[in-house]
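Notes follow the structure.
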Amino acid sequence: MNLSGNTILITGGSTGIGLEMAKQFTALKNKVIVTGRNLDKLKKATEVIPGLHTIQSDAGNPEHVKTLLKRITTEFPDTNIIINNAGIMWTINLQKHDFSFEKLTTEIDINLKGPIYMTEAFLSHLKGKSSAAIVNVSSGLAYVPLPISPVYCAAKAALHSYTQSLRAQLVNTKVQVFELLPPATETELLHSFDPNDSKGIPIMKTDKMVGKFIKGLSNDTLEILPGQASMLKFMSRFLPNFIFGQMSKSVSNMHSKG
Ligand SMILES: NC(=O)c1ccc[n+]([C@@H]2O[C@H](COP(=O)([O-])OP(=O)(O)OC[C@H]3O[C@@H](n4cnc5c(N)ncnc54)[C@H](OP(=O)(O)O)[C@@H]3O)[C@@H](O)[C@H]2O)c1
């Protein structure tokens, strides 16, 4: 797809991958709007990227998504690309029972329900454009779970499946459906992890990862798998037990902490 002259809405764009996407898309002469929950982080993003538009909105809250649709269609009616990037990732010890039911499923609200709400809300608007796209940001972990983050991986695997179905259903429209499956990427998301859990895993620089994403979009690559993400897909097909065993190693570190 043509990657200049678009109006692009990125959920969760105040830091990390979303912020870097905003930077690179702005440099390519697109208008970019990012969302996030925290106003201070959004303000800092505008200091990094002059001309960036921000809207405070929680991607996992259906009422916020409805309000976002109203604001976007009023203030930025040219919006033709939606990037469902907002996401959180937690380590959860399923034997500990220290999360409430509600907290235990927050990753599903943001990482899975969020993109589903956004698609439902914005699809009619996108269908009215001559060129449009929905990009869902899942993860290489959609192919092989990291068992210390069980709910996150379940949500990303489900998002991968949903994205495939969405693409098939929109085949008779002008709305292209892309999926970005990042590998481990150097952002705040990884900061809460014990460094022992990511020992030996290459961590990709955010600008490089986003560069590969933009290249994939421009080539109309529908499933974009930068770096180690493509290895995870390959291993999940040809050496599934081996790769799952590797990914399960950090469980013993979790158990040793009690
Ligand atoms: N980094 C990796 O290794 C990696 C690997 C694979 C996939 N991913 C995926 O890439 C996406 C971006 O992650 P990242 O690594 O860039 O993480 P990050 O640096 O922590 O950034 C996450 C962004 O999402 C926002 N956000 C979180 N929850 C939100 C919500 N409910 N509504 C709106 N915004 C929300 C955050 O701002 P607020 O906190 O202010 O809301 C922040 O702007 C996520 O979907 C993640 O799962 C990351």
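Under the working numbering, the first residue of the sequence shown is numbered 142, with each subsequent residue one higher.
All residues carry an ideal CB built from backbone N, CA and C; glycine is no exception.
Predicted model only: the values in this text are computed from it and were never measured.
Query - Residue span of the beta strand (DSSP E) that contains GLN197, given as start and end - result: DSSP places GLN197 inside the beta strand (DSSP E), whose first and last residues are 194–197.
**Report entry** Segment limits, alpha helix (DSSP H) that includes GLY177
**Finding:** Run containing GLY177: none in the alpha helix (DSSP H); it sits in the beta strand (DSSP E), 172–177.
Query - Backbone secondary structure at ILE149 - three-state DSSP - result: DSSP, read as helix, strand or coil, puts ILE149 in strand.
**Report entry** Chain-order list of residues whose beta-carbon lies under 6 Å from that of ILE149 (same chain, five-residue window excluded)
**Finding:** Answer for ILE149: PHE166, ASN171, VAL173, ILE222, listed in chain order.
Query raised in the report: Apart from the five residues just before and just after VAL189, which ones in its own chain have a Cβ nearer than 6 Å to its Cβ?
Result: In its chain, beyond the 5 residues on either side, no residue has a beta carbon closer than 6 Å to the beta carbon of VAL189.
**Report entry** Proximity test, ASP348 beta-carbon vs ligand 1 heavy atom, cut-off 7 Å
**Finding:** No, the Cβ of ASP348 stays beyond 7 Å of every heavy atom of ligand 1.
Report task. Return the Cβ separation of SER198 and LEU209 in integer angstroms, given the expectation that the two are a contact with Cβ distance under 8 Å. Result -> So it is a contact: roughly 5 Å between Cβ atoms.
Query raised in the report: So, VAL278 versus ASN226, is the Cβ gap smaller than 8 Å?
Result: Contact annotation: VAL278 and ASN226 have beta-carbon atoms nearer than 8 Å.
Query raised in the report: With which residues is ALA273 paired in a DSSP beta bridge?
Result: For ALA273, which the question treats as bridged, DSSP gives the partners VAL316.
Report task. Tell me whether GLU327 sits in a helix, a strand or coil according to DSSP, three-state version. Result -> Look at GLU327 here: in three-state DSSP terms it is coil, with no helix or strand label.
Query raised in the report: Tell me, which residues are paired with MET395 by DSSP?
Result: In DSSP, MET395 forms no bridge with anything.
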